[in-house]
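With the numbering used here applied, the sequence shown corresponds to residues 39 to 342, in that order.
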Amino acid sequence: MTPIQIACAVLVALLWGFQFVVIKVGLTAFPPLFFVGLRFAVVAALLLPFVGWPTKRELGRIIVISIFVGGLNFGLVFIGLAHGPASVAGIAIQLTTPFTLILAWPLLGERLSVRIIFGVVLAFGGVALIVVEPSVSVKIVPTLFVIGSGFAMAAGSVLTKRYGPFEPLKLMAWMSLFTVPQVLAASLVLEHGQIASFHAASLMSWMAFMYTVLLGAILGFGLWFWLIGRCSMTRVAPFGLLQPVFAIIAGVIFLHEPLTAALVTGAVICIAGVAITQRQSLPTELRIWRRFISNTSPRESGER
39 MTPIQIACAV LVALLWGFQF VVIKVGLTAF PPLFFVGLRF AVVAALLLPF VGWPTKRELG
99 RIIVISIFVG GLNFGLVFIG LAHGPASVAG IAIQLTTPFT LILAWPLLGE RLSVRIIFGV
159 VLAFGGVALI VVEPSVSVKI VPTLFVIGSG FAMAAGSVLT KRYGPFEPLK LMAWMSLFTV
219 PQVLAASLVL EHGQIASFHA ASLMSWMAFM YTVLLGAILG FGLWFWLIGR CSMTRVAPFG
279 LLQPVFAIIA GVIFLHEPLT AALVTGAVIC IAGVAITQRQ SLPTELRIWR RFISNTSPRE
339 SGER
């Protein structure tokens, strides 16, 4: 991965890490599945005027991706956040990374090196340290919903890589459109108070909603789809392990949660694990530049 791609991957982790706290704010007003439906409806309305129609080949594949990345991923994680603490959800969703790496092996033929496995295990050690530190009561069912969300996101990401490459905004726009009927139909059957939530929502709830639309969805997923269209899943997926680090930072800043030594240590270990999975990227880039310079320098000096 290039330095720009690494920076984009870190930015996605930051946007999605902060989003755990933001979603909790929005869920104080909106039912979870209805929240997801509104979110994707607005994303589709904003993006569709600027993208083209999908080809016949793309259409069916985007619908399949929308089921995993849109309906299942977001529906399950929003339900989990509605009924469980954000800190536990932020940790449980990290199972997306091993799910992705496991699925990438049979579906994409991307084998795991010993270095990547060690980096992922080390990062999970940091995540585990974060999990055992907070004095929270882990609710099993909401946590299982979040874990299911992680598997759906992993499957959707691998399918995006397998079926792609796609134009990122085009994929985001049409995926959002196809997700809307899925989650709104589920909301109609499973939830109540959808219309009343419009009147009950505070300014803070609407600001949280717009964060999930503009930053979490359009910017975050636009960058994510761009990255997985250009990079190996074994390179991109480990950056998801940075999400709990940013979730903790958001909790400290916005929810005034305590910043303990265990949290800081876990964050450092997590970042170190992700860095190990990327260790060969920058040296490879430097070797390319050195080779380019060595090949061009003699000719340039001869021209002088």
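Built from N, CA and C at the ideal position, the CB exists for glycine as well.
Predicted model, so just to flag it, every value in this text is computed and none were measured.
Rounded to whole angstroms, the gap between the alpha carbons of residue 307 and residue 161 is 6 Å. Look at the segment 94 to 158 and you find these whole runs of alpha helix (DSSP H), each 4 residues long or longer: 94 to 103, 111 to 121, 124 to 130, 134 to 146. Residue 116 and residue 192 do not touch by the CB rule: their CB atoms are close to 18 Å apart, not below 8 Å. Spanning the alpha carbons of residue 215 and residue 299 requires a straight line of approximately 44 Å. Judged by their CB atoms, residue 250 and residue 113 are not nearer to each other than the 8 Å cut-off.
Counting only the Cα atoms, residue 311 lies some 30 Å from residue 210. In this structure, residue 200 sits near residue 146, with a CB-CB distance shorter than 8 Å.
Secondary structure at residue 237: helix, using DSSP grouped into helix, strand and coil.
For residue 276, there is no enclosing alpha helix (DSSP H), as DSSP marks it with neither H nor E. The beta carbons of residue 313 and residue 286 sit about 18 Å from each other, so the pair does not count as a contact at 8 Å. Between the alpha carbons of residue 150 and residue 230 lies a distance of about 45 Å. In the three-state reduction of the DSSP assignment, residue 271 falls in the helix class, which pools H, G and I.
Proximity of the segment 217 to 225 to the segment 70 to 85 meets the contact definition, three or more beta-carbon pairs being nearer than 8 Å.
A residue is called buried once 16 or more other Cβ atoms fall within 10 Å of its Cβ, and residue 196 is buried on that count.
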